[in-house]
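Position one of the sequence shown corresponds to residue 2 (the working numbering), numbered consecutively onward.
Backbone N, C-alpha and C fix where the C-beta goes; we use that ideal spot for every residue, glycine too.
Treat the numbers as computed from the prediction; the structure is a model and nothing was measured.
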Amino acid sequence: IKELYRAMPFQPFEIVLTNGSTVKIVHPEFISFSPDGRTIHAWEPTGGGKRIDVKLIIALNELRPVQKRKNKKK
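Here you go:
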């Protein structure tokens, strides 16, 4: 997780949990780590977040970066 978190440039990724749910991390500011490394907190861009026990993580998937649309001039 920390390898993806520290990647330059940052690449969005998702965390897959044992129950099949996923948590997307779209920016490095939206994740924090407990001092003991046993839990992470994934923040949502709209507010709120989830505390995750790292033992429940079964996969990390890199996501394509979100590309901003360019306005086309007519």
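Please say whether residue j and residue i have beta carbons closer to each other than 8 Å?
i: V27; j: P46; result: yes
i: F34; j: W44; result: no
i: I59; j: T23; result: no
Could you tell me which residues DSSP pairs with residue i in its beta bridges?
i: V24; result: I16
i: L61; result: I16
i: A43; result: I32, K51
Ordered along the chain, which non-local residues of its own chain (more than five positions away) have a Cβ less than 8 Å from that of residue i?
i: L61; result: I2, L5, F14, E15, I16, V17
i: V55; result: I2, G38, R39, T40, I41
Report the rounded CA-to-CA distance for residue i versus residue j, giving the unit in angstroms.
i: E63; j: I53; result: 18 Å
i: Q12; j: R65; result: 7 Å
Cα-Cα, which of the options is closest to residue i?
i: A8; options: P29, K25, T19; result: P29
Cutting at 6 Å between CB atoms, please list the residues of its own chain near residue i, excluding the five before and the five after it.
i: K1; result: The structure shown has nothing for residue 1, since the chain only spans 2 to 75.
i: G50; result: H42, A43, W44
Just to confirm my understanding: we take residue i, look at its own chain, exclude 5 residues before and 5 after, and list those with CB closer than 7 Å. What are they?
i: L57; result: L18, T19
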